[in-house]
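In this note's numbering, the protein residues as written are 32 to 137.
What follows is a set of notes on a single structure, which appears directly below.
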Amino acid sequence: SCGGKNGERASWCGACWNSSAPGRRIAAPKRQTTEKQHMCLTCWKRHRKFAPQCEDCGGALELICGFCGGRFSSMGPAEGRPDPTKDEWFCHPCWAKFDRYSQSLR
């Protein structure tokens, strides 16, 4: 497996024929990249923190789930919600996983 041949911080697979490391690894710590930033669909500005709309032009944002990394548009019906304790947005399936986990701890 790639994880067995290359370190978790590797950005290039040096021990196999693949040209780059896989985008996601099982149980690997998340890395903050520009891909996790919400992008305005009008002016293309990136926002690190969740906002209901672009702070510069007021345009709709492409929302990135803080857990799974899924991409959603803020133009249509709500497909998730922000975390009231963080400046992050999470999709409905990830909120459902969180709710099930929270219930199992009670």
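From the three backbone atoms N, C-alpha and C, an ideal C-beta is built for every residue, glycine too.
Going by Cα to Cα distance, which pick from D118, L136, E119 and W75 is closest to D87? W75
DSSP beta-bridge partners for M70? DSSP lists R77 and E93 as partners of M70.
Please work out which residues of its chain come closer than 8 Å, Cβ to Cβ, to S105, disregarding the five sequence neighbours upstream and downstream, and give them in chain order. P83, Q84, A91, L92, E93 and L94
Consult DSSP for R137 and reduce its assignment to one of helix, strand or coil. coil
Go to W104, then tell me how far its beta strand (DSSP E) extends in each direction, as first and last residue. According to the sequence displayed, residue 104 carries Ser and not Trp. Looking at the DSSP string, the run of the beta strand (DSSP E) that includes S104 is R102 to S104.
Whole-angstrom distance between W120 and T64, CA atom to CA atom: Legend: pLDDT at T64 = 47, less than 50; position of this residue unreliable, value from coordinates given subsequently. Distance between the alpha carbons of T64 and W120: 16 Å.
Exposure of F129, with buried meaning 16 or more beta-carbon neighbours within 10 Å: exposed
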